[in-house]
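Residue numbers (this note's numbering): 3 to 389.
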């Protein structure tokens, strides 16, 4: 905590008698402040009955006591450094409020209410003890400057706590992702999930997202999504592991990804998400985007390009002695014949030729291939090789 103190150079000096009376009334003022906060800020209704209750009460009394010390002229030697216990207490209060899940809006509302109640009661006591109008105005200015200082300290504590816990949790979540992708034992992954406070889902879907699109995608998917910033085999993109995006929820995920240049693997049991990631990687490498489930045939056909090339050479070997133009026409005819299950008219329409041309070419192919064109296993090989 190193925020500069705006109250350090004030010139106010309250009469000792007024300070003494206000200090005697501090416990009552503190209780009135607490009561007003409970009544006017809903998120604090239950807070004062829990573990944070006494901490907040102590912070209120510490703040009021610190203010009276300040108003009576008691300041530290180094006025630019926030070493006052009240300011440090406000900083710690902000951190505690962040851990309790309350927002800075609620905290600042509590400060405004505290300032109003404190000023009303302390100014009344000050006037009763002979404070003149000019001094009272300076007193009011110091009250609200002091509250601003405490508010800033608490906001800083709140922000620092969220940043710290966010970084720690993000590191733990990234550790889960690393273990899932590296094939760590399930026990180790479960232990990492417990440390991170991450509830394992039924399934995880690996989604490769361009770096520029990570923020909008994260804002739209499940808050339990893990972002792996440096996954293996992936450059210039981020891997998101999206929980429970299976069944009808997959359509919603795909709508979110839309035209953002993302690639979504299939949903898999969460401990097997590496399989989803591997498929997304293969699809991305093949230039297939968005839904890998819509590209299963090309993914299967390109799973081993070298093997497919060998298979293609093998099944087209009977055409190897033909002129290139003739071999190309017969290859196209054979492919269409396989895909259209031998329906001559459909093959002719596909190739934009007359059915008699198809009949002629198929006669040539049967001379070259013989009975192999009637063998289901060979037809399967043709389908895979030429598909």
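Glycine residues also receive a C-beta, built at the ideal position from the N, C-alpha and C atoms.
Would you mind stating whether residue i and residue j have Cβ atoms separated by less than 9 Å?
| i | j | result |
| --- | --- | --- |
| residue 31 | residue 72 | no |
| residue 167 | residue 101 | yes |
| residue 273 | residue 164 | no |
| residue 89 | residue 155 | yes |
| residue 115 | residue 38 | yes |
| residue 227 | residue 242 | yes |
| residue 367 | residue 388 | no |
| residue 255 | residue 207 | yes |
| residue 146 | residue 128 | no |
| residue 157 | residue 220 | no |
| residue 211 | residue 247 | no |
| residue 184 | residue 245 | no |
| residue 36 | residue 59 | yes |
| residue 338 | residue 353 | yes |
Taking all protein chains shown into account, decide if residue i is buried (16 or more other Cβ within 10 angstroms of its Cβ) or exposed.
| i | result |
| --- | --- |
| residue 69 | buried |
| residue 362 | exposed |
| residue 281 | buried |
| residue 132 | exposed |
| residue 278 | buried |
| residue 22 | exposed |
| residue 112 | buried |
| residue 82 | Residue placement at residue 82 cannot be trusted, given a pLDDT of 41 that sits under 50; the coordinates are not used to answer. |
| residue 298 | exposed |
| residue 188 | exposed |
| residue 105 | exposed |
| residue 92 | buried |
| residue 201 | exposed |
| residue 293 | buried |
| residue 382 | exposed |
| residue 328 | exposed |
| residue 195 | buried |
| residue 96 | buried |
What's the C-alpha gap between residue i and residue j?
| i | j | result |
| --- | --- | --- |
| residue 257 | residue 284 | 22 Å |
| residue 253 | residue 213 | 22 Å |
| residue 209 | residue 236 | 12 Å |
| residue 379 | residue 340 | 12 Å |
| residue 1 | residue 176 | Here the chain covers residues 3 to 389 and nothing more, so residue 1 does not appear. |
| residue 19 | residue 138 | 15 Å |
| residue 430 | residue 266 | Here the chain covers residues 3 to 389 and nothing more, so residue 430 does not appear. |
| residue 123 | residue 61 | 18 Å |
| residue 289 | residue 344 | 32 Å |
| residue 230 | residue 224 | 15 Å |
| residue 84 | residue 173 | Caution applies to residue 84, whose pLDDT of 35 falls short of 50 and renders its modelled position unreliable; the value that the coordinates give is listed next. Approximately 32 Å between the Cα atoms of the pair. |
| residue 263 | residue 295 | 16 Å |
| residue 331 | residue 355 | 11 Å |
| residue 334 | residue 180 | 47 Å |
| residue 178 | residue 275 | 11 Å |
| residue 74 | residue 198 | 49 Å |
| residue 45 | residue 130 | 36 Å |
| residue 307 | residue 215 | 31 Å |
Note the first and the last residue of the continuous alpha helix (DSSP H) segment covering residue i.
| i | result |
| --- | --- |
| residue 302 | 298-303 |
| residue 356 | First-last for residue 356: undefined, no H or E at that position. |
| residue 121 | 106-130 |
| residue 34 | 28-42 |
| residue 320 | It is not in any alpha helix (DSSP H) - residue 320 carries neither H nor E in the DSSP assignment. |
| residue 95 | 87-101 |
| residue 326 | 326-341 |
| residue 167 | 135-184 |
| residue 45 | No alpha helix (DSSP H) holds residue 45; DSSP gives it neither H nor E. |
| residue 285 | 275-287 |
| residue 16 | Note, residue 16: premise wrong, no alpha helix (DSSP H); not H, not E. |
| residue 379 | 378-388 |
With a threshold of 8 Å (Cβ to nearest heavy atom), would residue i be considered close to the ligand GDP?
| i | result |
| --- | --- |
| residue 259 | No copy of the ligand GDP occurs in the structure displayed, which carries no ligand at all. |
Where are the alpha helix (DSSP H) runs, 4 residues long or more, that stay fully inside the region 196-266, in chain order? 216-222 and 251-259
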